[in-house]
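Going left to right, the sequence shown walks through residues -28 to -1, 1 to 438 as mature numbering (1 follows the signal peptide of the UniProt record, and there is no 0) numbers them.
C-beta: ideal position from N, C-alpha, C; glycine also.
Since this is a predicted model, take the numbers as computed values, not measurements.
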Amino acid sequence: MKKLTLRSRLTLLTAAAVAVAVAAVALAAWFITRDQLVAQLDSTLHSTHVDNRYLNQTLVTCASTAQTSGNVPPGAVGIQIVKADGTRCLGVGAPPVKVQARDIEVASGTVDTVTHDARTDSGQEVRVFTEPLLDGPDGQATGLAVSISRPLTEIDKTLTTLAWVLLAVAGVGVLGATSAGLWIARTGLRPVDELAGTVEHIARTEDLSVRIPVEGEDEIARLGQSFNAMTSALASSRDRQQQLIADAGHELRTPLTSLRTNIELLERSEATGRAIPPEDRRALLASVKAQMTELAALIGDLQELSRPDAAPTLQVVPLHEITGTALERARLRGPDLTISADVSPWFVRGEAAALERAIVNLLDNAVKFSPPAGRIDVRLHGGRLTVRDHGPGIPAEELPHVFERFWRSPSARSLPGSGLGLSIVARTVHQAGGTIALTPAQGGGTEAALYLPGAPTAPPDAPPEP
């Protein structure tokens, strides 16, 4: 069964279900008809009247040894008298019917009447009705019973004809059900065939732009919608991956080209024997070191962005402590800057390392764009963390792009950085269920504001603060 196609299985199951139903109906019709015919035959036997003179003559001429062994003609009535000792007296031309214990009980007066199936001595099946014979030849009850019989041949012929008719109807019904099942399977599975064809086309061509036309709201339509959503997500994921690779290659090309140029200068100096002046050599080595640092930071950012978008493992962490650690690192990177902080306790659910990296990125941006001896204001109250610098600010037309991967403002392209920092910040904040936005600050500069849901006190199940 498993080796058959789905269409074949549906056809066979439909045919089998119809065959079982038709067989059940045919059997029920046959048995009901038989019971009705037997009931009609019993009614005829019960209403048959036997003349007393015929019974008296039968008793007078009774000779149990002089019995015929013929069959009862269809429609004919056979009559015999049953004695209490089990012997019988046959009527003229009546075939002998085997006496049963129930007939003897009627003759003995134990039972009033009985109706049952029996056989003649020659083996013919008959239906027998036995009732007590109250008046003997002398008008007295003598323990006798009269059995009236009719052959079951007439019923058997009718039932045989009915059985053949029902068998023919059942065969036609099964054939019709098979044809209908095949048609239904083809019609019902046509959308599945289209889906299979589309999947095979995508597997063969890797063309994720193909869509399945969806009609209606049934299960097949839902399957088509789900498949279209899956291919759309796969196409979007592939586009993002290709874009990431292209952007990463572009960003990696610049520091690698600079490194190659500087190393070639050093190599040419060694090969030609022309020493580079010490001051230029120190500047060259400093440039190599800076480019290697930039390359390492870019690779780290790419690794962060390449992490799957699955939900991270969240735990209760103190955002105010994470902010304090990030502030210490920012002060080391901008020793000539004034960084003021107003931080209140706030506990959130998130990844401590990822949140610290996000806040450090925000502070690094503020340090990068702050003027010498400038000021950075950091404030954390009620889950809202703001980082405000007093730099040149971001033009309004560039604000919608600040969280895009590898996007860098034209004015910032000469500064170190990969254009991935704010993308990492947005991703981390969204995974923690928060929001992030950059807006122009009053009086100049830029204000970054992120909000993370939480509480000013740690929940009872949270680990204690170190």
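Around the C-beta of Thr170, are 16 or more other C-beta atoms found within 10 angstroms, so that it is buried, or is it exposed?
buried
Please determine, among Val69, Ser119, Leu9, the residue with the shortest C-alpha to C-alpha distance to Val86.
Ser119
Val137 burial status per 10 Å Cβ neighbour count (16 or more: buried)
exposed
Assuming Gly365 contacts Gly426 under a Cβ cut-off of 8 Å, what Cβ separation, rounded to an integer in Å, is found between them?
No, Gly365 and Gly426 are not in contact; Cβ-Cβ is about 30 Å, not under 8 Å.
Just to confirm the assignment, what range does the alpha helix (DSSP H) spanning Gly153 have?
125 to 160
Can you list, in chain order, the residues of its chain whose CB lies under 8 Å from that of Asp89, leaving out five sequence neighbours each side?
Glu97, Val98, Arg99, Val100, Leu124
By a C-beta neighbour count over all protein chains shown, 10 Å radius and 16 as the cutoff for buried, is Leu422 buried or exposed?
buried
I want to see whether chain D comes within less than 7 Å of Asp211, judged by CB atoms only; does it?
Although the question refers to chain D, the structure presented lacks it and comprises just one protein chain.
Validate contact between the stretch 175 to 191 and the stretch -21 to -12 using beta carbons, cut 8 Å, 3 pairs:
no
Since Ser312 contacts Val374 with CB under 8 Å, what's their CB separation in whole angstroms?
Not a contact, Cβ separation roughly 24 Å.
Thinking C-alpha only, which one of Leu394, Ala409, Val359 is nearest Glu376?
Leu394
Contact set for Gln263: own chain, Cβ-Cβ below 6 Å, skip 5 residues either direction:
Pro227, Ser230, Leu231
Same chain only: Cβ atoms within 6 Å of Val315, ignoring 5 sequence neighbours per side:
His292, Thr295, Leu352
Which residue wins for smallest C-alpha separation from Val401, given the options Arg356, Val260, Pro250?
Arg356
Going by DSSP, what residues sit across from Glu97 in a beta bridge?
Arg91
Which residue from Glu370, Leu167, Ser209 puts its Cα closest to that of Ser198?
Leu167
Taking the C-alpha atoms as reference points, what is the distance between Asp252 and Pro307?
27 Å
Helix, strand or coil for Ser15, going by three-state DSSP, please let me know.
helix
Specify, as a first and last residue, the run of the beta strand (DSSP E) that Glu189 falls within.
From DSSP, Glu189 is part of no beta strand (DSSP E); its letter is neither H nor E.
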